[in-house]
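A.B. asks: Taken in order, these protein sequences are the chains called A and B. For the first sequence, the working numbering gives the first residue as 120, with consecutive numbering after it. For the second sequence, the working numbering gives the first residue as 120, with consecutive numbering after it. Just so it is clear, CB atoms sit at the ideal spot from N, CA and C, and this is done for glycine as well. What follows is a structure written as structure tokens; I'll ask about it next.
Number of protein chains: 2
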Amino acid sequence: MRRRLVGVGVGPGDPELVTVKGARLLRDADAVLVPVLAGDPEPRDAGRAETIVAEYADAVRVRRVVFELGEGRAAAWAAAGAVVADTFARGARTVAFATIGDPAVYSTFTHVARAARERVPELLIETVPGITAMQDLASRSGTTLCVGSETLALLPLTAGLGAFEEALAGFDTVVAYKGGRNMRAVLEAVRAADRLDRAVYGAYLGLSGEDIRPAVQVDPGEAPYLSTLIVPAGADPGTERDR
Amino acid sequence: MRRRLVGVGVGPGDPELVTVKGARLLRDADAVLVPVLAGDPEPRDAGRAETIVAEYADAVRVRRVVFELGEGRAAAWAAAGAVVADTFARGARTVAFATIGDPAVYSTFTHVARAARERVPELLIETVPGITAMQDLASRSGTTLCVGSETLALLPLTAGLGAFEEALAGFDTVVAYKGGRNMRAVLEAVRAADRLDRAVYGAYLGLSGEDIRPAVQVDPGEAPYLSTLIVPAGADPGTERDR
């Protein structure tokens, strides 16, 4: 039987936003790896995946993999590949790797899978999609992301403020991740595009201390790394959902 | 107790891609409304939501709502609002409306919710996010949507070929929905941007007859309305997932 690594998207924070398929994989896998952020992240963010996984997988099958932001990043990915290989070496046939959001959307799983394949010949790699922060924030804030012929741009602020400003000029809906320390300039760009009124901000989605508010009420100094900003299309009044 | 309308995203087709929360809502709601496409759609697409819902809700609580593409569209939305109001009038307190994909992403729910609110005073409107076709196709085809600082553009081809070409020029990853009858011109634009090699196409995701293939192998005459095309970023080789 071929060894199988499954990247399972576990959503942004609320354990109920895991898919039925994802929950089954977490329950049935021989081992479940969970990423833990080292360095100096917000503690609520550091162990996000592990908290969700605890709802579906008994602790004895769960193993932590340490990741880093910034310079230590690439070395951490390689080390994660070694942990995956070691987990197979200990006898696991199916290993689930839990990843916040969706494994195809800004996920460490992309890097882990590549590092694992280098070490484990004939490794079968699969994924189970997960709810992204953009979708969760839209739902919790009553925001329509796109309707009809509207276009949507998604980008991390690490792509640069210029890319964000271009998206604001050319797209109906713009979603920005990882505003963090650049949030002041980000909000200023939204205001300059005359689109601040309807923009909505979210952090710690589905966690205790969840922070969802109109962008106009954001304190830029408080925005953590894992923040989400939705600048909705202007033409459509949206669903007017309550949450 | 306030009347509550919950738009539940049920994913593209595979019933296991409903979230645990969505499954709970479908199970517990007093009534579950499912959209059925009238007119001349592909039969596999017409009853997609109903097939998924059948896995979670007993048939006696399920009620069909007929939608149309094209000219009859707005009238159908208004009629759907009347069905929602009638379902509450018959005694339901919580009504779930099942919608393919995610209720905030190109969903009829946006229109149904607005029509329902006009008829039912004090209606509480909520949503549960769902997996989108873009995410499912990425997973099933082993495609990374975005990683690192990559940007992503999502648009329906109803936004025009020009918007699609601009997105190809300015964004790392471009996802196009509803290529359908314009698929020949769409693929030509991808080829002209020198991005056809890595593009992937999907239709009937999670259904019998699922059709996933490299874009270069697509027969443009066969693409249905609900098709998805992912043109991935070129720089990153991706996860090389198997599916």
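Relative to the C-alpha of residue 353 of chain A, which candidate in A:195, A:280, A:144, A:312 has its C-alpha closest?
C.D. replies: A:312
A.B. asks: Expressed to the nearest angstrom, what Euclidean distance is found between the alpha-carbon atoms of residue 398 of chain A and residue 172 of chain A?
C.D. replies: Here chain A covers residues 120 to 362 and nothing more, so residue 398 of chain A does not appear.
A.B. asks: Would residue 340 of chain A be called buried (16 or more neighbouring beta carbons within 10 Å of its own) or exposed?
C.D. replies: exposed
A.B. asks: Taking the CB atoms as reference points, tell me whether residue 236 of chain A and residue 331 of chain A lie closer together than 9 Å.
C.D. replies: no
A.B. asks: If we ignore side chains and look at the alpha-carbon of each, how far apart do residue 317 of chain B and residue 202 of chain B end up?
C.D. replies: 44 Å
A.B. asks: Leaving out five residues before and five after residue 314 of chain B in sequence, what residues of the same chain have Cβ atoms less than 6 Å from its Cβ?
C.D. replies: 350
A.B. asks: Per DSSP, residue 346 of chain B is paired with what?
C.D. replies: B:322
A.B. asks: Quick check on this structure: which residue in A:266, A:152, A:238 has the alpha carbon closest to the alpha carbon of residue 219 of chain A?
C.D. replies: Ranked by how close their Cα comes to the Cα of residue 219 of chain A, the residues A:266, A:152, A:238 have A:152 in first place.
A.B. asks: Should residue 136 of chain B be flagged as near chain A, meaning a C-beta pair shorter than 9 Å?
C.D. replies: yes
A.B. asks: Of all the options A:227, A:276, A:176, A:134, which has the alpha carbon lying nearest to the alpha carbon of residue 304 of chain A?
C.D. replies: A:276
A.B. asks: Residues of the stretch 236-251 of chain A in Cβ contact with chain B at a cutoff of 7 Å, in chain order, please.
C.D. replies: In summary, the residues of the stretch 236-251 of chain A whose CB is separated from some CB of chain B by less than 7 Å are 236, 243, 244, 245, 246, 247, 248, 250, in the order they occur in the chain.
A.B. asks: Give me, in chain order, the residues of the same chain whose beta-carbon lies closer than 6 Å to that of residue 251 of chain A; leave out the 5 immediate sequence neighbours on both sides.
C.D. replies: 220, 221, 224
A.B. asks: Can a CB atom of chain A be found closer than 9 Å to the CB of residue 147 of chain B?
C.D. replies: Not one beta carbon of chain A lies nearer than 9 Å to the beta carbon of residue 147 of chain B.
A.B. asks: I'd like to check one pair, residue 123 of chain B with residue 243 of chain B: are the Cβ atoms closer than 9 Å?
C.D. replies: In this structure, residue 243 of chain B places its C-beta atom within 9 Å of the C-beta atom of residue 123 of chain B.
A.B. asks: With DSSP as the reference, identify every bridge partner of residue 330 of chain B, one or two as the case may be.
C.D. replies: B:322
A.B. asks: Tell me, please, whether the stretch 292-309 of chain A touches the stretch 259-274 of chain A by the rule of three or more beta-carbon pairs shorter than 8 Å.
C.D. replies: The stretch 292-309 of chain A, when compared against the stretch 259-274 of chain A, does touch it at the 8 Å Cβ threshold.
A.B. asks: Chain B beta carbons: is any one of them nearer than 9 Å to that of residue 186 of chain A?
C.D. replies: no
A.B. asks: What separation, rounded to the nearest whole angstrom, lies between the Cα atoms of residue 144 of chain A and residue 169 of chain A?
C.D. replies: In this model, residue 144 of chain A and residue 169 of chain A are separated by some 15 Å (Cα to Cα).
A.B. asks: Is there at least one Cβ from chain A nearer than 9 Å to residue 170 of chain B's Cβ?
C.D. replies: no
A.B. asks: Interface residues of chain B around residue 263 of chain A at Cβ under 7 Å?
C.D. replies: 223, 229
A.B. asks: For residue 197 of chain A, which residues from the same chain have a beta carbon less than 6 Å from its beta carbon, with the 5 sequence-adjacent residues on both sides left out?
C.D. replies: 234
A.B. asks: Where does residue 236 of chain B fall in DSSP's three states?
C.D. replies: helix
A.B. asks: So, using beta-carbon positions, are residue 139 of chain A and residue 128 of chain A closer together than 9 Å?
C.D. replies: no
A.B. asks: Starting from residue 275 of chain B, find everything on chain A with Cβ-Cβ shorter than 7 Å and list it in chain order.
C.D. replies: Chain A residues near residue 275 of chain B: 268.
A.B. asks: Any beta-carbon of chain A closer than 9 Å to the one on residue 290 of chain B?
C.D. replies: yes
A.B. asks: For my contact list, residue 238 of chain B and residue 204 of chain B are in at a C-beta cut-off of 8 Å; report their separation, rounded to the angstrom.
C.D. replies: 4 Å
A.B. asks: Do you know offhand how far residue 375 of chain A's Cα is from residue 150 of chain A's?
C.D. replies: The structure shown does not extend to residue 375 of chain A, since chain A is modelled only from 120 to 362, so the question has no answer here.
A.B. asks: Do residue 342 of chain B and residue 320 of chain B have their C-beta atoms within less than 9 Å of each other?
C.D. replies: Contact flag set, yes.
A.B. asks: In terms of residues, what are the limits of the alpha helix (DSSP H) holding residue 204 of chain A?
C.D. replies: 192-208
A.B. asks: Residue 313 of chain A versus chain B: which residues are under 9 Å apart at the beta carbon?
C.D. replies: Going along chain B, no residue has its Cβ under 9 Å from residue 313 of chain A, so there is no contact; the nearest lies around 21 Å.
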